[in-house]
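Asks: No gaps in the numbering here: position 110 of the sequence shown is 293 in the working numbering, and each next residue is one more.
The C-beta atom is built at its ideal place from N, Cα and C for all residues, glycine as well.
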Amino acid sequence: MPQGSTLGPLLFLIYVNDLPNSSNKFNFKIFADDTNIFYSSKNCADLEQIVNDELINVLKYCNTNKLSINFKKTNFMLIASPRRKATINITACDITQKSHIKYLGVFIDEHLKWDAQIQHVNSCLSKNLGILKKQEAH
Numbered sequence: 184m185p186q187g188s189t190l191g192p193l194l195f196l197i198y199v200n201d202l203p204n205s206s207n208k209f210n211f212k213i214f215a216d217d218t219n220i221f222y223s224s225k226n227c228a229d230l231e232q233i234v235n236d237e238l239i240n241v242l243k244y245c246n247t248n249k250l251s252i253n254f255k256k257t258n259f260m261l262i263a264s265p266r267r268k269a270t271i272n273i274t275a276c277d278i279t280q281k282s283h284i285k286y287l288g289v290f291i292d293e294h295l296k297w298d299a300q301i302q303h304v305n306s307c308l309s310k311n312l313g314i315l316k317k318q319e320a321h
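Take a look at the structure:
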């Protein structure tokens, strides 16, 4: 598809529209070409087992539909106590656990604190204030 085409994104969305049918336990949020998968459990061992099992179903869906998962961009975050860790993987490829992620432009951390978002906004403001200060000097 040519870049800037309106048909390309529509065809892509139709193509991946049934991805949520690959699992009856996950909650999928698909925005353009970015897919987020959510699952919650009070028991970490259950969460780990169910997520790993369900990810196999997602991978089967992708393989059947000739879709690939970019494992370099794939990661997970547990929103829980700081003492909890889990191992999430798809077949032989481990997925990296992150302490914070960017979701639709907002940084969310594993303890639902705003530190990463505030740091990001401060950094952006500092850069832009520096640019404004240089323009003001001219």
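Just to confirm my understanding: we take Lys281, look at its own chain, exclude 5 residues before and 5 after, and list those with CB closer than 6 angstroms. What are they?
Replies: Asn258 and Met260
Asks: List the whole-angstrom C-beta distance separating Tyr222 from Phe214, where the pair is believed to meet the contact cut-off of C-beta under 8 angstroms.
Replies: Tyr222 to Phe214, Cβ: 18 angstroms. No contact.
Asks: Let's see if you can read the secondary structure: which residues bound the beta strand (DSSP E) around Phe221?
Replies: Asp217 to Phe221
Asks: Are the CB atoms of His283 and Ala263 nearer to each other than 7 angstroms?
Replies: no
Asks: DSSP state of Asn210, grouped into three classes?
Replies: strand
Asks: I'd like to know whether the C-beta of Phe214 is nearer than 7 angstroms to at least one C-beta of chain B.
Replies: Absence of chain B from the displayed structure is noted, only one protein chain being present.
Asks: Between Cys245 and Cys307, what straight-line distance do the alpha-carbon atoms span, to the nearest angstrom?
Replies: 37 angstroms
Asks: Given a cut-off of 7 angstroms, decide if Asn240 and Ser206 are closer than it, judged by their beta-carbon atoms.
Replies: yes
Asks: Taking buried to mean at least 16 other C-beta atoms within 10 Å of its own C-beta, is Leu196 buried or exposed?
Replies: Leu196 is exposed by the Cβ-count criterion.
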